[in-house]
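S.K.:
Residue numbers (our numbering): 270 to 449.
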C-alpha cells in the first residue's frame, strides 16, 4: 500500500491539537454574511493521514463538490484548503444557505460514489451564541456503515472488528480507483 508510505505518522497529540484548532477555526468562519460552514476532511485509518496521493484525491473531490455547490446556486467561498497538515488535508467553505439543506447536499455527495464515503463533511452553523454541527441523526438519516462489512461503522470501530491494515487496504483501493 504505497499510499501509506508517502508521509510520516501522526501522533494522537497532533490529532487532538488539530481537532481543537479546527473547532476554533470553524467558529471564526461563521459570520452574518456566511452563516453556514462546511468542514471537509478524510476518514483515514491508522497513523498516516496524508501524502501525495491522498492530497491529489482530496483536491479532486473538492473540485467535484464545488461543481455541486455551484449547481445549487448558493453563494459560497472556499476559505481555506490545507493540504499539507500531517493530520490530513482539510478544507473549509463558507456559505449563504440553510444548514439543513447543506447537510442534505453533503450527505448526498458522501454517498454518490464508494470513495466519497471516505469524506467527513461537517456542517456548522450558529445556534444562538454557540456553533453547532448538524448530525445525520438531526435529519433522521442512517448512521455511517463500515467500508468493509456494511455494519454500523461505530460498532466496527469500537470492537476493532477489522485491522488497520485491512482498513488501509480498502481506503487505498478506493482512492487509487477514484484517481484512475
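C-beta: ideal position from N, C-alpha, C; glycine also.
Should the segment 344-354 be called in touch with the segment 381-392, which here means at least 3 C-beta pairs below 8 Å?
M.R.: In short, these stretches do not touch, since the Cβ pair count stays below three.
S.K.: State buried or exposed for residue 305, treating a residue as buried only when at least 16 other CB atoms are found within 10 Å of its CB.
M.R.: One-based indexing of the chain shown puts residue 305 at position 36. Burial call: buried.
S.K.: State yes or no: is the beta carbon of residue 449 nearer than 8 Å to at least one beta carbon in chain C?
M.R.: The structure shown contains no chain C; it holds only a single protein chain.
S.K.: Residue 369 and residue 410: beta carbons closer than 8 Å?
M.R.: For this step, residue 369 is matched to residue 100 along the chain shown. For this step, residue 410 is matched to residue 141 along the chain shown. No. Outside cutoff.
S.K.: Helix, strand or coil for residue 384 per DSSP?
M.R.: As a position in the chain shown, residue 384 is number 115, starting the count at 1. Three-state result, residue 384: helix.
S.K.: Given that a residue counts as buried once 16 or more other Cβ atoms are within 10 Å of its Cβ, and exposed if not, what is residue 360?
M.R.: Numbered from 1 along the chain shown, position 91 holds the residue referred to as residue 360. It is buried - the Cβ of residue 360 has at least 16 other Cβ atoms within 10 Å.
S.K.: Please list the segments of the beta strand (DSSP E) lying wholly inside the segment 305-352, counting only runs of 3 or more residues, in order along the chain.
M.R.: Whole beta strand (DSSP E) segments, 3+ residues: 305-311 and 345-351.
S.K.: Whose C-beta lies closer than 6 Å to the C-beta of residue 317 among residues of the same chain, with five residues either side of it excluded?
M.R.: One-based indexing of the chain shown puts residue 317 at position 48. Once the five neighbours on either side are set aside, the close Cβ partners of residue 317 are 273, 276 and 278.
S.K.: For residue 420, which three-state DSSP category applies?
M.R.: In the chain shown, counting from the first residue as 1, residue 420 sits at position 151. Residue 420 falls in the coil class under three-state DSSP.
S.K.: Taking the CB atoms as reference points, tell me whether residue 325 and residue 346 lie closer together than 8 Å.
M.R.: Residue 325 sits at position 56 when you count from the first residue of the chain shown. Residue 346 sits at position 77 when you count from the first residue of the chain shown. Cβ distance not < 8 Å, so residue 325 and residue 346 don't count as in contact.
S.K.: Find the nearest neighbour of residue 311 within the set 293, 422 and 358, judged by alpha-carbon distance.
M.R.: Taking the chain shown and counting its residues from 1, the one referred to as residue 311 is at position 42. The residue with the shortest Cα to Cα distance from residue 311 is 358.
S.K.: Please report the straight-line C-alpha distance between residue 405 and residue 331, rounded to a whole angstrom.
M.R.: Position 136 of the chain shown, counted from the first residue, corresponds to residue 405. Position 62 of the chain shown, counted from the first residue, corresponds to residue 331. If you take the alpha carbons of residue 405 and residue 331, they lie about 21 Å apart.
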